[in-house]
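Quick note: the sequence shown uses the numbering used here, first residue -18, plus one each step.
Comments concern the structure below.
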Amino acid sequence: METRYTELYKKVFAGMGELAKESPELMKGFGMLHKTSSSDGALTQKEKEILAVAIAIVVHCEGCIACHVKDALEAGATHNQIVEAIGVAILMGGGPALVYGTMALDALKEFEG
-18 METRYTELYK KVFAGMGELA KESPELMKGF GMLHKTSSSD GALTQKEKEI LAVAIAIVVH
42 CEGCIACHVK DALEAGATHN QIVEAIGVAI LMGGGPALVY GTMALDALKE FEG
């Protein structure tokens, strides 16, 4: 049975697929940007995904939370690393980030199974 963040993750990617049909060059460019910015460099892919979780919380993007929590786990991030990133996001984003931080924690628990 799929749950909230699994469904949201799939919905985000389905929407991006639809947008790619309408604007292939836009999504090709975004795909290249995503690949380049999330690849290992001075920061590992795992570290970049953990950063993306924190940023997703601060900018209040629930779809981004779903995607980057899942991607962080797949890149090897631990439960505690993601929870610490949630804490940093709350520090930087205040009360609204606290609300979105709870969403990220829900997503983490869901994707961990």
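Virtual Cβ for every residue (Gly too), placed ideally from N, Cα, C.
Check	Outcome
Closest by C-alpha distance to Lys29, when choosing among Lys90, Glu43, Cys48 and His41	Cys48
Val39 beta carbon less than 8 Å from that of Ala85	no
C-beta atoms of Ala37 and Ile31 nearer than 8 Å	no
Contacting residues, own chain, Cβ-Cβ under 8 Å from Gly75 (five flanking each side not counted)	none
Cut-off 8 Å between Cβ atoms - residues of its own chain near Phe92, not counting five sequence neighbours on either side	Tyr(-14), Thr(-13), Val50, Lys51 and Leu54
Same chain only: Cβ atoms within 8 Å of Gly68, ignoring 5 sequence neighbours per side	Gly82
Extent of the continuous alpha helix (DSSP H) run through Ser19	Pro5 to Ser19
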